[in-house]
Amino acid sequence: MRHLLSAADLDRAQAVTVLDVAEQMAATQRREIKKLPTLRGRTVVNLFFEDSTRTRISFEAAAKRLSADVINFSAKGSSVSKGESLKDTALTLEAMGADAVVVRHPASGAPHRLAHAGWTRGAVVNAGDGTHEHPTQALLDAFTMRRHLVENATGADLAGRRVAVVGDVLHSRVARSNVLLLNTLGAHVVLVAPPTLLPVGVEGWPCEVSYDLDATLAGGHGDLDAVMMLRVQAERMNASYFPSVREYSRRYGLDARRVGLLPDHTVVMHPGPMNRGLEISADAADSPRSTIVEQVTNGVAVRMAVLYLLLAGARDLAPDAPPAAPPAEEVALTEGVLP
Amino acid sequence: MTTTTAGTTWLVRRSRVLGGQPTDVLVENGVVAEIGPGLSAAGASVLDADGLVLLPGLVDLHTHLREPGREDAETVETGSQAAARGGFTAVHAMANTDPVADTAGVVEQVWRLGRRSGWVDVRPVGAVTVGLAGERLAELGAMADSAAGVRVFSDDGKCVSDAVLMRRALEYVKAFDGVVAQHAQEPRLTDGAQMHEGAVSAVLGLRGWPAVAEEAIIARDVLLAGHVGSRLHVCHLSTAGSVEIVRWAKGRGIDVTAEVTPHHLLLTDEEVRSYDPVFKVNPPLRTAEDVMALREALADGTIDIVATDHAPHPVEDKDCEWAAAAMGMTGLETALSVVQHTMVETGLLDWAGVAQRMSAAPARIGRVADQGRPLVVGEPAHLTLVDPAARWTVEPHTMATMGRNSPFRGRELPGQVVATFYAGHPTVLDGKLAGPRPGTTPGRDA
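Here the protein sequences come in this chain order: C and Y. First residue of the first sequence: 1, per our numbering; consecutive thereafter. First residue of the second sequence: 340, per our numbering; consecutive thereafter.
Written out as structure tokens, the structure is:
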């Protein structure tokens, strides 16, 4: 794998490898000195055509803790608004010697274009493109689920787990990546949304679709292991996707009553940033079963794993073609080099 | 093929007229002078056309020549050269230029540029509404009465979505035997649309352009045309549902004609998975089921013609992310090959059927009186010679069009235009541009 553009780029073995390496990365992050020399001398560019402080600082922290040089390139006002084109930006970064480009872009497919149009030789990591995908978010979500729902997590997938993804699926890159990755990892996904916020064509996706949140939470088709709430923009009601914020919240919001319908072990997730009181109530967001803050922490470990696997001479994530030094040893070894 | 001496008299040896038995054709003073085996003519240039198929010069009802205003994308000169190389002898230049071709002045300018170029007969299309704004009728009568003699009116690129305005346009052009060519796209259903709405758009996260947005407008328009007794032409029909509606309308006796583009006969929305904007076009590439329905409809006559919707763009308008890219594909120099590939080699059409759909019918719809004529003695010598056995790989940088945005780039296609005669003058010989027709003076059609 040269790039990470879609969750579909990963097969089961590769996805499990990313999660396992992320566990090792997370272990190093509990130590007093968090920095590893693994990517010393390598350059990671965070190319953000859209404001996303959370995702950018997560990637930045991940790259810096691997000792990479990090360049933050905020290019809001892209070719869409007639500024410098994506191509010229890419050529500039190429000329500066970027080993990896982490790209966030409002246009679906922009990272794909960056990776395949011959503008840059660096590894491209999709950090969210339009309404297409956000694969590292899906990886950190899967990582979080595996920690909570699977004993002896190393090497394991999410086979047999049931996950509800609730909200604006139509406009959500998080939902698309999660459906793909969770399916790859053997989990069963239920999308819950008003019909207006599901794409035409969703019937071909490897998941179940429901319009009824209460019935899904009550486990009519089996107990849920995780409920993931998606951010809903209040402005969507202006385009008649739903009549009002209050009606949306009543029918599809996660509140204390609905949390009460869930089995004890079920975790409540949200990719952030949340609209408290719209798709999720404060009770639900702050409940003990909420993993929302932990997801942010895990995001750094997962992004360290992705950058490591793409850049540290381990271009192929398949276990049958292992990197020169296996991840566990490499991490241990480099740790030993630290003062 | 060998070519000997230039002159105004041409003897085309042993070509297969409309794919029939080999025979000779003598072209003299711009007309077909003789047809039959074993012809000879002293002083005639001889073109050995053994194995080649002779067709009437192709007529495109839907071309974007970009001039005036976007001469960085195409000019009348380069676009009509591309047309000649594609086997065309007439093209209709769409009105969405800058300024818009919505006055007699602009259509006459385009018409004069075409005459000066002399590669094909350039027929300007007039805008239906002022500035393509969809608010009030342009001076359709003035354009009809101008030197350009406009008969086809279209806001192509935009839909005449207002039902009353569409009704009035359909009625008004009856006074001068005009036709309204509708770009059928319900604007509210396609706000920000990027590709066909379906399984692929759901995965790619690109905003969908639903088939119903085309079909709803076509349904409304055929009913309007029937109600007021007018002639309607549907541009670049792209869905199986649209085929059903046109078939129904024709069955009711409504005077509707329809076109399909070569790219909609071959490519599907699966191409968009590459996110390569060369596949971005309006209407969008549809599904394989739609492609098959379009081919069948073209074969059975529900769809009357093939029209290219040739839409050249400068490189920078395609060398970017999908959402930022312009819509459109070049098509003049690949149209006949794509039709051979999708319709002839599949057994859906013979060469006479191709001539009907790419020459006779578009000339009739556009009221180009001296083109699309039968290949018989005494008719104007607008002729295309194609080598159906040739195979070639599409390389946009070798084309005559300035546009590099061919969706067939790198693809091997059958059939090569070897020669094009425009009123007896060879504009293309040996598959290369030969020269424009000197002293072109195409008059107004009666």
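For each residue, glycine too, the CB sits at the ideal point set by N, CA and C.
Looking at 438(Y), 347(Y) and 555(Y), the one whose alpha-carbon comes closest to that of residue 501(Y) is 555(Y). Residue 444(Y) counts as exposed, since fewer than 16 other C-beta atoms from the protein chains shown sit within 10 angstroms of its C-beta. Secondary structure note for residue 374(Y): its beta strand (DSSP E) is the uninterrupted segment 370-375. The closest CA to that of residue 498(Y), considering only 516(Y), 488(Y), 521(Y) and 510(Y), is found on 521(Y). Closest in C-alpha terms to residue 461(Y), from the list 481(Y), 439(Y), 422(Y) and 482(Y), comes 422(Y). Residue pairing from DSSP places residue 71(C) in a beta bridge opposite 45(C).
For residue 53(C), not one C-beta of chain Y is nearer than 7 Å to its own C-beta.
Counting C-beta atoms within 10 angstroms of its own C-beta, residue 505(Y) has 16 or more neighbours from the protein chains shown and is therefore classed as buried. The three-state secondary structure of residue 35(C), taken from DSSP, is coil. The beta-carbon of residue 34(C) is placed no less than 7 Å from the nearest beta-carbon of chain Y. For the segment 149-176 of chain C, the residues whose beta carbon sits under 8 Å from a beta carbon of chain Y are, in order, 173 and 176.
Residue environment analysis places residue 631(Y) among the exposed positions, since fewer than 16 neighbouring C-beta atoms fall within 10 angstroms of its C-beta. Remark: C-beta atoms of residue 70(C) and residue 44(C) approach each other more closely than 7 Å. What residue 86(C) touches in chain Y, judged by beta-carbon distance under 8 Å, is 659, 660 and 663, going in chain order.
DSSP lists 649(Y) as the beta-bridge partner residues of residue 668(Y).
Segment contact: the segment 200-211 of chain C against the segment 255-265 of chain C, fewer than three CB-CB distances shorter than 8 Å; contact not assigned. Contact of residue 201(C) with chain Y is assigned, a C-beta pair being separated by under 7 Å. Looking at the DSSP output, residue 395(Y) bridges to 722(Y).
The three-state secondary structure of residue 24(C), taken from DSSP, is helix.
The Cβ of residue 132(C) sits closer than 7 Å to at least one Cβ of chain Y. Counting only the Cα atoms, residue 59(C) lies some 15 Å from residue 49(C). Segment contact: the segment 365-377 of chain Y against the segment 389-405 of chain Y, fewer than three CB-CB distances shorter than 8 Å; contact not assigned.
For residue 205(C), there is no enclosing alpha helix (DSSP H), as DSSP marks it with neither H nor E. Here DSSP, grouped into helix, strand and coil, assigns residue 631(Y) to helix. Sequence-ordered contacts of the segment 568-581 of chain Y with chain C are nonexistent [C-beta pairs closer than 9 Å]. One thing to note: residue 199(C) has its Cβ within 7 Å of the Cβ of residue 541(Y). In the three-state scheme derived from DSSP, where H, G and I count as helix and E and B as strand, residue 589(Y) is classed as helix. Fewer than three beta-carbon pairs drawn from the segment 223-231 of chain C and the segment 560-568 of chain Y are found closer than 8 Å, and the two stretches are therefore not classed as touching. Going by DSSP, residue 62(C) is part of the alpha helix (DSSP H) stretching over 53-65. Contact annotation: the segment 615-633 of chain Y touches the segment 529-548 of chain Y, with at least three C-beta pairs closer than 8 Å. Proximity of chain C to residue 540(Y) at the Cβ level (cut-off 8 Å) is accounted for by 199, 200 and 201, in chain order.
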